[in-house]
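Taking it in order: structure first as structure tokens, then the write-up.
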Amino acid sequence: MTTLRIFLSSTGRDLDDYRLAVHEAVTELDGCTCVRMEDYGASDADPAGHDRSQVARCDLLVGLVGLWHGNRPPGEDRSFTECEYDTAERQGVPRLMFLTPDDFPVPGNLREDDGQWQRQQSFRTRVRRERVVAEFGSPATLAALVVKAIRHWQREEGLLRLPWRPWRLDLDPPGTLLRPECGVVPFHDRDAELKDLRDWAFSPRTLAIRLYTGSGGMGKTRLGLELCALLRREGWLAGFLDHRSAAVTPEGIAALAHTPKPVLIVLDYAETGRDLLVQLAAAANRRAGGSVRLLLLARAAGDWWEALKREPQGIGDLFVGAAAQRIALQPLTLTAAARRRSYRLAADAFSGALGTQVPTGEPEDYQAPWFDRVLMLHMAALMRLEAETGADEDGILDHHLAREQRFWETLAQRRELPQYVVAGMGRAMAAMTLGGGADDESEALDLIGRVSFFADTPAPILHGIARALHDSYPGEKWIEPVLPDLLGEHLVERQLGEAQDELLDLVLGPKSLATG
3 MTTLRIFLSS
13 TGRDLDDYRL
23 AVHEAVTELD
33 GCTCVRMEDY
43 GASDADPAGH
53 DRSQVARCDL
63 LVGLVGLWHG
73 NRPPGEDRSF
83 TECEYDTAER
93 QGVPRLMFLT
103 PDDFPVPGNL
113 REDDGQWQRQ
123 QSFRTRVRRE
133 RVVAEFGSPA
143 TLAALVVKAI
153 RHWQREEGLL
163 RLPWRPWRLD
173 LDPPGTLLRP
183 ECGVVPFHDR
193 DAELKDLRDW
203 AFSPRTLAIR
213 LYTGSGGMGK
223 TRLGLELCAL
233 LRREGWLAGF
243 LDHRSAAVTP
253 EGIAALAHTP
263 KPVLIVLDYA
273 ETGRDLLVQL
283 AAAANRRAGG
293 SVRLLLLARA
303 AGDWWEALKR
313 EPQGIGDLFV
323 GAAAQRIALQ
333 PLTLTAAARR
343 RSYRLAADAF
353 SGALGTQVPT
363 GEPEDYQAPW
373 FDRVLMLHMA
383 ALMRLEAETG
393 ADEDGILDHH
403 LAREQRFWET
413 LAQRRELPQY
423 VVAGMGRAMA
433 AMTLGGGADD
443 ESEALDLIGR
453 VSFFADTPAP
463 ILHGIARALH
473 DSYPGEKWIE
483 PVLPDLLGEH
493 LVERQLGEAQ
503 DELLDLVLGP
513 KSLATG
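Taken in order, the sequence shown gives residues 3 to 518; the numbers are from the working numbering.
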């Protein structure tokens, strides 16, 4: 089951009992985990930056706003609570806000100066203006209100996520720096496509479907993320729907399609979710008014797309009529000059994230065919930071695979695992990637334990490997595949070349089971 990460934002000294009651109530909810500042533990990061990153990684923010302004990050006029509220707004994290009454008693020893009082009053006024708020009295009453609001949000909006996530220096695998969800490289050179998508969203049709196709690394996911963020700022319910999630039920789909807000539903890897697409189209087609937009992202429009057009009961007509469009996403940059600009933008962004010097060299041939995919261009820029040059497509991918391998070595050292396990991590992660990840710890342990390299490895070490990979490759799955896709696919290709039979048996089952 997908775990819903809920960030609890509030001051502590005046609302400690309320904060504790909410934490206990959220923790008891099935499928939810509560993230609080006091649970961070030690980290080699500045408090404000770490706090922002934690908010950005959550699915929902629950904010408790009292009369006490509280602590502020260094150099800030805003409190930590207001900074968390603003971070959630920027990152598209939904906010459920609860305010104390204006006559809420504040202990006398917590008096603040007039400036802080006024800033808190301004923040309270702003929250009331921007969100539908609930006032609370006792801790028990507040806890009940929060649980009710979370459940309502899950029914109405919680199926859609904006999967932005911060990149964590020294904690995340190197490939994470290249993922569209991290947004390390600023969005660029797709303004025309984004404007066209906005115009499509605001067209008068009740239901409209658009399929974008393109090879891995073309920028489909990032374009979808930017459209979701844009439409959310304009009052839409917009996000990615993960068809792997157990929370995606027929009832949830029906509620999503009939919410009063205009809705944008993005389905990545749409070719793997045909049954869900049929349910979404059928539910949206029953909507009496408003707007539902289905944005589908896929490598290609193959048999799955043609099969949708043949669906009975009028559903197939939705995929062949004027409401459905199919567009091949073109390369982000075509000319050498445009590719050079994108390369330099990526190099600057990566050097800033890593704290290294901006590289001076550049690829010899910006017109190489593999640079049609913007991800390959950015991989080359990241590679240049390590003074590596002159590689073709396989050379660039091999370089980044080697970086992943070095990360596994460091990970084993930090977790006090024997270094010999590193040689088997590649096989294990290739199997995870080929199989789409591991749903839970039991599945991960079963797969790792069946890797021949780990035969006779003691159970505590296998558990240590599983936990290390879980912490380093988190997401909707207990262990996610190696991402971005191009890197994960290259890992699988290399491992298939070394041990094809074993890798396929790990994912599909032994040949003896397949043959009877």
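Ideal Cβ placement from N, Cα and C applies to all residues, glycine included.
Going by DSSP, what residues sit across from residue i in a beta bridge?
i                 : result
leucine 213       : Leu298, Arg328
serine 11         : Gly65
methionine 220    : Looking at the DSSP assignment, methionine 220 forms no beta bridge with any residue, so it has no partner.
cysteine 34       : Leu6
methionine 99     : Gly65
phenylalanine 242 : Arg163, Val268
glutamate 137     : Leu101
isoleucine 481    : Ala440
Would you check if the distance between the CB atom of residue i and the CB atom of residue j is smaller than 8 Å?
i                 : j              : result
glutamate 406     : valine 424     : no
isoleucine 255    : alanine 285    : yes
cysteine 85       : alanine 50     : yes
aspartate 53      : arginine 7     : no
glycine 428       : glutamine 497  : yes
arginine 21       : leucine 31     : no
alanine 325       : arginine 224   : no
glycine 241       : leucine 162    : yes
tryptophan 169    : threonine 178  : yes
leucine 310       : leucine 279    : yes
glycine 520       : leucine 331    : Because the chain in this structure spans residues 3 to 518, residue 520 falls outside the shown range and cannot be described.
histidine 402     : leucine 489    : yes
leucine 63        : valine 95      : yes
tyrosine 214      : isoleucine 398 : no
leucine 320       : isoleucine 211 : yes
proline 454       : leucine 413    : Per the sequence shown, the amino acid found at residue 454 is serine instead of proline. No, they are not a contact pair.
phenylalanine 409 : proline 175    : yes
glutamate 228     : leucine 196    : yes
alanine 382       : proline 365    : yes
isoleucine 463    : methionine 434 : no
histidine 472     : alanine 430    : no
alanine 203       : leucine 173    : no
glycine 318       : arginine 312   : yes
Quick one: residues in its chain with C-beta nearer than 6 Å to the C-beta of residue i, no 5 flanking neighbours on either side, listed in chain order?
i                 : result
arginine 181      : Leu485, Pro486
aspartate 16      : Gly68, Trp70, Val108, Leu112
glutamine 118     : His71
methionine 99     : Gly65, Val129, Arg133, Val135
threonine 102     : Gly68
phenylalanine 125 : Glu84
aspartate 503     : none
glutamate 114     : His71
tyrosine 345      : Leu379, Ala383
If residue i and residue j are in contact, beta carbons under 8 Å, what's the gap, nearest whole angstrom?
i              : j              : result
arginine 97    : tyrosine 87    : 7 Å
arginine 386   : alanine 349    : 6 Å
alanine 470    : leucine 419    : 7 Å
asparagine 287 : leucine 209    : 6 Å
proline 264    : tryptophan 238 : 5 Å
cysteine 230   : leucine 266    : 6 Å
arginine 432   : isoleucine 450 : Checking the sequence, you will find alanine at residue 432 rather than arginine. That pair is no contact at about 12 Å.
threonine 143  : threonine 83   : Wrong, their Cβ atoms sit about 20 Å apart, outside the cutoff.
valine 376     : threonine 337  : In fact, because the Cβ distance is near 14 Å, the residues do not count as touching under 8 Å.
arginine 121   : aspartate 79   : 6 Å
proline 483    : glycine 439    : 5 Å
leucine 141    : aspartate 19   : Strictly speaking, residue 141 in this sequence is proline, with leucine absent from that position. That pair is a contact at about 5 Å.
So, at 7 Å on beta carbons, what are the nonlocal neighbours of residue i in its own chain, with the 5 sequence-adjacent residues on each side left out?
i                 : result
leucine 436       : Val494, Leu505, Val509
alanine 27        : Ala145, Val148, Val149
leucine 356       : Leu387
phenylalanine 373 : Arg341, Leu379
glycine 466       : Arg417, Leu419
leucine 347       : Val187, Pro188, His190
glycine 426       : Val453, Phe455, Phe456
alanine 194       : none
glutamine 369     : Ala338
glutamate 395     : Trp372, Met378
glutamate 500     : none
valine 360        : Ala349, Asp350, Ser353
Excluding sequence positions up to five away, which residues of its chain have a Cβ less than 8 Å from the Cβ of residue i?
i            : result
threonine 29 : Thr35, Cys36
glutamine 93 : Val57, Ala58, Leu164, Trp166
proline 476  : Glu482
Query raised in the report: Does the pairing of the stretch 297-311 with the stretch 270-282 give three or more beta-carbon distances under 8 Å?
Result: yes
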